[in-house]
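Here's the structure we're looking at; comments come further down.
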Amino acid sequence: MLQFHRLISGGIITNYHCSSKCRHCLYGCSPAWPREYMGGETAAAIFSVLRKAGCHSVHIGGGEPLLQPEKLFRVLEAAREARIRVEYVETNASWYGEEKRTQAILKELLRCGVDTLLISIDPFHNEYIPFCKTWGLMEACEQAGMDVFPWRMEFWDDLAVLDPVRVHPLEEAAKGRGDGYVSRVLQRYGMNFRGRALRSFSGHLPAHPTGEILAGSLPCMELEGIHHFHVDLYGNFVPERCAGLSMHFMDLGAGADPKAEVDPAKYPLLDALHTDGIRGLHDLAVRKYDFRSKEIYAGKCDLCYDIRRYLVMCLDLDLPDLQPAGHYRYME
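Quick note: the sequence shown uses my numbering, first residue 3, plus one each step.
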């Protein structure tokens, strides 16, 4: 049975609404999402549970959390009151602009206890965010005394040779860089082929017959990850690396009762994956929901996502372990 005896470190997804629709986004964020944001009371309840479970630090991400800075400040205040350290706030720099406003936001972040911004630097974000905003925000952070965690700095030279005041489709950025540039970018980035990245780049993965994938099925132990989980604005606990799978954070059992198990009756899909792996989920979907697989998939995660997408998008099911439904509805 799936259990969480302790949680170490994770992320808080304050919003799924984003200024970009990056091809590699694990969580399927985009401008199409509603402009909903985590409230202070929700944040306080989440931080209370996390701290009881042994988690004393988190990072903040989205979506783009700084699209609504005043609401972000309330989340940060809740973290401070719960004695949860914020390691960094992630940003794509799209909000960077007028210097006075930028400095005011940075200074308020510092006042709230945030001393580091993770700033995205890669060709995927550059399809939506001009590079001038990226390095402009980095310079503003230096002026304000805010540390920068550049993610990923190895792409700096790739972007620096492009026109900094406009965006560049990945195909345009690849021109003149030799064959296989996109494949090399995926390798350099260390791509996690799930979420929108799987939809965007599955052609770069080897194809496997469905029977072969099912025959090699093992319990999905990744669901037990305690070092990079996320909790979103709706209270969904998202297992490590597995966006679109979820349980409510109040159902974790972590901290309050070390022997507590995630209820398999409430979360049958999670239970099937954790107990029997992709075969367990596949057999459940075939038996209960008349799922019919394709002949070929780019691995077990591709098959898993196809099943989950079928349940939400084709059958319009509202299942507690496939939340938020917007993950599937706004993915394309």
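Ideal Cβ positions, reconstructed from N, Cα and C, are used throughout, including at glycine.
With respect to the 8 Å criterion, G279 and C244 are not classified as neighbours on the basis of their beta carbons. Judged by DSSP secondary structure, Y191 falls within the alpha helix (DSSP H) whose first and last residues are 183-191. In this structure, A46 places its C-beta atom within 8 Å of the C-beta atom of A84. A distance below 8 Å separates the beta carbons of H276 and L4. Nearest neighbour of K109 by Cα position, chosen from A80, A142, L120, turns out to be A142. The alpha-carbon separation between S122 and R289 amounts to approximately 43 Å. The continuous alpha helix (DSSP H) containing F49 extends over residues 42-54. It is roughly 38 Å from the alpha-carbon of I298 to the alpha-carbon of V60. Around the beta carbon of Y307, 16 or more other beta carbons sit within 10 angstroms, so the residue counts as buried. With contact defined as three or more Cβ pairs closer than 8 Å, the region 193-200 and the region 226-246 are in contact. Using a Cβ-Cβ distance cut-off of 8 Å, the region 129-148 and the region 93-100 are in contact, since at least three pairs of beta carbons, one from each stretch, lie closer than that value. The residues L271, A274, L275, C306, I309, in chain order, have a CB closer than 7 Å to that of L283 in the same chain once the five nearest residues on each side in sequence are set aside. Counting along the chain, F203 sits inside no beta strand (DSSP E); it lies in the alpha helix (DSSP H) bounded by residues 198-203. The three-state reading of DSSP puts M252 in helix, counting H, G and I together. Between the alpha carbons of A209 and E226 lies a gap of roughly 27 Å. Rounded to whole angstroms, H127 and S22 show a C-alpha spacing of 7 Å. Sequence-distant Cβ neighbours of C303 in its own chain, meaning closer than 6 Å and more than five residues away, are R196. A direct Cα-to-Cα measurement between A176 and Y291 gives close to 43 Å. For the pair G64 and T16, the CB atoms are nearer than the 8 Å cut-off. For P71, the secondary structure class from DSSP, reduced to helix, strand or coil, is helix.
Here the alpha carbon of R281 sits roughly 12 Å from the alpha carbon of G301.
In the structure shown, P270 adopts helical secondary structure according to DSSP, grouped into three states. Here V116 is not bridged, per DSSP, to any residue. In the structure shown, I215 falls within a helical segment according to DSSP collapsed to helix, strand and coil. Between M249 and V264 a beta carbon distance of about 6 Å is seen, short of the 8 Å cut, so the two are scored as contacting. Look at T93 here: in three-state DSSP terms it is strand.
The beta carbons of L112 and V91 sit no closer together than 8 Å.
In the DSSP assignment, W137 falls within the alpha helix (DSSP H) that extends over 133-146. Residue pairing of F151 in beta bridges, as defined by DSSP: L120. Leaving aside the five residues that flank S204 on each side, the residues in its chain whose CB is nearer than 8 Å to its CB run, in chain order, F195, A300, D304. The beta carbon of F151 sits closer than 6 Å to those of Y90, T118, L120, all from its chain and outside the five residues before and after it, given in chain order. Of the candidates A327, G99, D124, D124 places its Cα closest to the Cα of G192. One Cα belongs to H329, the other to I215, and the distance between them is close to 25 Å.
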